[in-house]
Structures are given as structure tokens and as C-alpha cells.
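Structure first, commentary second.
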Amino acid sequence: MHQYLFYIGDFPIRSYGVVISLSILLATGVGYFLAKTDGRGYEKHIPDLGIYCGIAGLLGARLWDVFFFDWDYYQHHLTEILNVWQGGMAIQGGVFLGVLVGILYSRNHKLDTIHFMDIAAPAIVLGQALGRCANLLNGDAFGAPTGSSYGILYPDTTLAHHTYGAQPLWPAEVWEGQLDIVIFALLLIFRARGHARGQCFALYVMLYSLVRFALEYLRGDYTEKYLGLFTSAQMTSLGFGLVALGFFLWLGLRKEAVPTEVEFFPQERKKRRKK
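The sequence shown: position 273 = 273 (the UniProt record's numbering), numbered continuously.
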């Protein structure tokens with residue numbers, strides 16, 4: 001685990017920033033591929049969306065954490081709000097603001113917003129999976145003490161070590177990243193069968209909310225529970241998950257189906273047929 005890759009003079013190049021940037025680039029690339037295979041020509045919008053939604057996602061993740069989780073601290077340290085390397089990026093806020101910007105972009109360019117969200121869902125969760133790798137390298141989004149010899153031991157330069165010392169901690173961020181990859185695969189499989197418009201995105205929200213709700217029981221960075229039951233992330237996961245479940249069922253009943261066959265590069269196939 002290395003928080004710093006190298007230095008340019010006195011300026012540190014942090015592994016957290018490098019991996020987050022890589023996650024945005026790869027998610028954009030996967031989104032481009034999925035849009036290209038769809039055949040509607042939406043892929044030309046993906047590079048711009050990658051930039052706009054990537055910036056919005058980072059901003060939303062940071063502000064969500066600051067105002068919903070750590071405001072008691074940051075209201076007295078306003079100059080540190082943008083110090084993301086200290087830890088404190090709430091993925092739920094990042095997805096919320098990133099998706100909102102994507103919706104505004106698609107409506108402004110008169111695209112099929114719901115269909116576009118279905119295309120983007122696998123790319124989003126892949127970006128989240130890589131983002132958890134960044135959390136591991138930075139020593140944040142860590143788990144609680146395991147109470148045994150099993151677990152991750154973080155370096156003394158990390159927030160995890162400052163919080164719990166040299167105790168083995170549950171690999172909560174590692175397991176979440178792995179389960180995000182599982183969700184990514186499930187969404188690709190789901191897209192290859194008949195389903196209603198919007199159901200792929202709703203399924204993404206449902207599955208991620210379930211994963212996040214469960215893994216919160218192992219997290220050690222935010223342990224305060226509301227009403228003595230759930231953490232903030234669990235409450236938002238429960239809310240988003242139930243809403244997504246309702247939409248998933250409602251969209252299925254409407255039966256606005258998309259084609260069951262996923263064709264790869266159908267435009268190129270048509271050109272070859274003409275020749």
C-alpha cells in the first residue's frame with residue numbers, strides 16, 4: 001500500500017488521485033464501447049459526458065461526505081473541504097450528482113435519457129470498483145477492527161491507522177470493489193436479455209444499495225447510527241434501494257421492452273451488407 005507514488009519537486013503524486021483518474025477514464029471507455037454496440041450513435045457524446053460527469057461525481061462525493069457525514073468537523077475547517085486526500089468521498093453523493101449532470105446533458109442534447117442511463121449503468125459501477133482500489137491505497141473507507149489476527153494492517157501514515165492503530169481491520173473497501181465487479185458482470189448479462197427501458201439502471205441501484213447496506217456493518221470510519229439502527233449510508237442505501245425496486249417492478253409492468261439481442265457494432269454490419 002503506497003499513498004505516494006513519487007514526487008515532482010515537493011509536490012506528491014498520490015496513488016489515490018492516479019487511480020481515481022484511471023477509474024474515470026476506464027469507465028468512460030466502457031461507456032463508449034457499450035454506446036457503440038447500441039447503434040444509436042450515442043458514443044459521440046461519451047467523451048464529453050466522461051469529463052462532465054467525472055468532475056460532477058468527484059464534487060458530489062466530496063460535498064456529500066462533508067455535509068452529511070463530517071460537517072461537525074468541516075464547519076470549523078472550511079479551508080480543508082477540498083482536501084480529498086485526507087479521506088472523505090461518499091460514493092452515493094458522487095453517483096447522485098454525476099447521474100444528475102448526465103440527465104441534464106442528455107435532455108439538453110435531446111437524447112433518450114432513460115435508455116442512456118441503461119447504457120451507462122455498467123460503466124458507472126466499474127468506475128466505483130476501481131475507486132475502491134484508490135480507497136485501499138489511501139487507507140480510507142476502512143473497516144472496523146476484526147478482533148482477531150485476520151484483517152488489513154494499515155501504515156501509520158493513513159487515516160485508518162490514526163483511528164484504530166495497529167489493529168487488523170475488516171477489508172470492507174476491498175470486498176465492496178470485488179462485489180462491484182460482480183454487479184458489473186450481472187448488468188452486462190441482464191442487458192443481453194429482454195428487459196424494459198430503465199430496468200438496467202434500476203437494477204444497478206438496487207444491487208449496489210444492497211451491497212453497501214450490508215458492508216456498512218463492517219465499516220469503521222463512520223459508526224454513528226441514527227435511531228440506534230442504521231448509519232447514514234445505510235439509510236440512503238435503503239431509501240435508494242426501495243425506490244429503485246419500485247421503479248424496476250413498475251417499468252417491468254409497463255413492458256416497454258428493448259431488443260433481447262445485443263448486436264456488436266450494428267452500423268458496421270449494415271455497411272458490410274450494402275457492399
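Just so it is clear, CB atoms sit at the ideal spot from N, CA and C, and this is done for glycine as well.
Quantities reported herein were computed from a predicted structural model and do not represent experimental measurements.
Residue range of the unbroken alpha helix (DSSP H) whose run includes residue i
{"i": "R254", "result": "232 to 254"}
{"i": "L130", "result": "113 to 138"}
{"i": "R107", "result": "91 to 108"}
{"i": "Y74", "result": "71 to 74"}
{"i": "L78", "result": "Careful: L78 lies outside any alpha helix (DSSP H) and carries neither H nor E."}
{"i": "H162", "result": "159 to 164"}
Residue i - containing beta strand (DSSP E), residue span
{"i": "Y4", "result": "4 to 8"}
{"i": "Q11", "result": "The question names Gln, yet the displayed sequence has Phe at residue 11. Run containing F11: 11 to 14, per the beta strand (DSSP E) assignment."}
Cβ-based neighbour list, residue i, same chain, cut-off 7 Å, excluding 5 preceding and 5 following
{"i": "S237", "result": "S209, R212, F213"}
{"i": "V18", "result": "L5"}
{"i": "R219", "result": "G143, A144, A172"}
{"i": "G177", "result": "A129, R132, C133"}
{"i": "Y150", "result": "P168"}
{"i": "A61", "result": "M89, A90, I91, G93, G94"}
{"i": "L63", "result": "G93"}
Which listed residue (the options) has its alpha carbon closest to that of residue i
{"i": "A144", "options": "P155, D156, E173", "result": "E173"}
{"i": "I189", "options": "D112, I119, R40", "result": "I119"}
{"i": "I181", "options": "A129, G139, L169, L207", "result": "A129"}
{"i": "I183", "options": "A202, G246, F96", "result": "A202"}
{"i": "L49", "options": "A196, L104, E176, D72", "result": "L104"}
{"i": "V205", "options": "T79, L245, F33, S106", "result": "L245"}
{"i": "I20", "options": "M235, G57, K110", "result": "G57"}
{"i": "L215", "options": "L179, T37, I13", "result": "L179"}
{"i": "L169", "options": "L186, A185, G147", "result": "G147"}
{"i": "R40", "options": "L100, L111, F96", "result": "L111"}
{"i": "L187", "options": "W175, H195, C200", "result": "C200"}
Bridge partners - residue i, DSSP secondary structure assignment
{"i": "R62", "result": "Paired residue(s): none; R62 is not in a bridge."}
{"i": "R219", "result": "G143"}
{"i": "I152", "result": "L169"}
{"i": "Y226", "result": "F230"}
Chain-order list of residues whose beta-carbon lies under 6 Å from that of residue i (same chain, five-residue window excluded)
{"i": "H2", "result": "S15"}
{"i": "P47", "result": "none"}
{"i": "G198", "result": "I114, L251"}
{"i": "I24", "result": "G54"}
{"i": "Y42", "result": "A35"}
{"i": "Y74", "result": "V66, I81"}
{"i": "S106", "result": "T113, F116"}
{"i": "Y32", "result": "E43, I46"}
{"i": "V101", "result": "Y52, C53, A56"}
Cutoff 8 Å; reference residue i; Cβ partners in own chain excluding five residues on either side
{"i": "D65", "result": "G88, M89, A90, G93"}
{"i": "S232", "result": "F68, F69, Y222, E224, Y226"}
{"i": "V30", "result": "P122, A123, L126"}
{"i": "residue 286", "result": "A question about residue 286 goes unanswered here, because the residues of the chain that appear run from 1 up to 275."}
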